[in-house]
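Take a look at the structure below.
Shown next, in the form of structure tokens:
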């Protein structure tokens, strides 16, 4: 039997210059409350400690614990914990405690993070991949063993007990982020989910998503493929585009802005990124997004903008292409006013969610 399609909402908490940080964070709490009231299954948020235009959310676990007191059914997932930036022995306990405080509604997205996060966090780019593997190994041991030891290049653990243990056993469900077939293979072999999508055309994610689904079939595990998509909805098409244009432009501008801090122009810089497993950041396609006009961004499918009927059809086509198990929308990005983000969530829940549920049965 095919499991029902799940729906979620995602925010990076992008903060335009001059906006009050506290106000932005409380806006996101209201978005989560509204999502719970309207039947969404999942609330997801980025972990990102630097570059306020990109995100002001260094501690999504705190956000989830607050939302858990305000909601009844919503599940929570970080997209993603940037494992190389953390002491995994400490993070394991923090995630376990958050699982308890959210009453077992926590899920755990993991990844290597954006290339631009390494230097500000005093992590050498060349260390990122190996730190990621070791940190993930330690998380699993910390959650599932009363006491454990570990000998790695970056982390050494001697007969340690990490407490508390998660409420969910053996641990919260894990989701791998990114597009790397290397990491998607491990996810498939381990029975983990994966999440793709973001400010890029859908073809970017087609091959890694298909790889994951095929790898799950070969491994005999149950896949859970999530897709993140930014949308903007209004009952009137012209008004939707008028309102969306400035925030779509900001969405792209804010996403690209940390690239200015990352050495990526010279051949040597590009090769360093490639060798570290960050080939995406060595290419010029991502920075060029901010040079595109609004119309070009819409035509490229960076954001779906229009009426519920129009965007619903685009999302239905996307589901037909990917056969994802979760659709995670972005309504809050680029400095969107709260009422506009709520409007998009409301229209999605009332007019698009039932349509997609019926198609996916």
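In the numbering used here, the protein residues as written are 6 to 366.
The beta carbon of each residue, even a glycine, is placed where N, CA and C say it ideally should be.
These numbers were taken from a predicted model, which means no experiment stands behind them.
Tell me, to the nearest whole angstrom, how far the beta carbon of residue 82 is from that of residue 112; I am working on the premise that it is less than 8 Å. 4 Å
Report the CB separation of residue 320 from residue 357 in whole angstroms; it is logged as a contact under 8 Å. 6 Å
Using 10 angstroms around the beta-carbon of residue 5, count the other beta-carbons present and answer buried if the total reaches 16, otherwise exposed. Because the chain here runs from 6 to 366, residue 5 falls outside it and cannot be looked at.
Taking 6 Å as the limit between beta carbons, can you name the residues of its chain near residue 184, skipping five residues before and five after? 213
Along the chain, where does the beta strand (DSSP E) containing residue 182 start, and where does it finish? 179-182
When you compare each of 366, 198, 175, 313 to residue 148 by their alpha carbons, which one comes out closest? It is 175.
What residue range is occupied by the uninterrupted alpha helix (DSSP H) comprising residue 37? 26-42
Assuming residue 352 is part of the alpha helix (DSSP H), what are its boundary residues? Here the alpha helix (DSSP H) through residue 352 covers 343-352.
Would you give the residue range spanned by the alpha helix (DSSP H) that residue 2 belongs to? This structure gives no information on residue 2, because the portion of the chain shown stretches from 6 to 366.
Ignore the nearest five residues each way along the sequence and tell me which others in residue 229's own chain have a CB closer than 6 Å to its CB. 198, 330
Counting Cβ pairs, one atom from each stretch, are 3 or more of them under 8 Å apart for the region 136-146 and the region 156-165? yes
Which word fits residue 204, buried or exposed, when buried means at least 16 other C-beta atoms lie within 10 angstroms of its C-beta? buried
The beta strand (DSSP E) with residue 82 in it runs from where to where? 80-87
On the DSSP bridge list, what partners appear for residue 198? 180
Alpha carbon of residue 207 to alpha carbon of residue 310, nearest angstrom: Residue 310 has its alpha-carbon roughly 15 Å from the corresponding atom of residue 207.
Relative to the alpha-carbon of residue 336, which residue among 15, 10, 9, 11 has its alpha-carbon at the smallest distance? For residue 336, the nearest C-alpha among the options comes from 15.
Got a sec, what are the start and stop residues for the alpha helix (DSSP H) residue 149 sits in? 133-149
Length at least 3, wholly inside the region 43-75: the beta strand (DSSP E) runs in chain order: 47-50
For residue 19, count neighbouring Cβ atoms within 10 angstroms of its own Cβ and tell me buried if that reaches 16, exposed if not. buried
Can you give me the Cβ contacts of residue 34 inside the same chain, cut-off strictly under 8 Å, excluding the 5 residues immediately before and after it? Contacts found: 68, 71, 72, 75.
Start-to-end residues for the beta strand (DSSP E) that takes in residue 90: Where residue 90 is concerned, there is no enclosing beta strand (DSSP E), given that its DSSP letter is neither H nor E.
Extract the residue ranges of the alpha helix (DSSP H) inside the region 272-353, only unbroken runs of 4 or more that lie entirely within it. 272-280, 284-287, 290-293, 299-304, 313-327, 343-352
Using three-state DSSP, classify residue 362 as helix, strand or coil. helix
Among 89, 170, 127, which one has its Cα closest to the Cα of residue 134? 89
CB contact flag (residue 345, residue 248, <8 Å): Yes, Cβ-Cβ distance for residue 345 and residue 248 is below 8 Å.
Can you say whether residue 290 is buried or exposed, counting buried as having 16 or more other CB atoms within 10 angstroms of its CB? exposed
Give me the Cα-Cα distance between residue 366 and residue 10, rounded to the nearest whole angstrom. 8 Å
Decide if residue 31 is buried, meaning its Cβ has at least 16 other Cβ atoms within 10 Å, or exposed. exposed
Under the rule that 16 or more other beta-carbon atoms within 10 Å means buried, what is residue 348, buried or exposed? buried
Using only alpha-carbon positions, find the residue among 355, 51, 362 that is nearest to residue 325. When each option's Cα is compared against that of residue 325, the closest is 362.
For residue 112, which beta-bridge partners are listed by DSSP? 82
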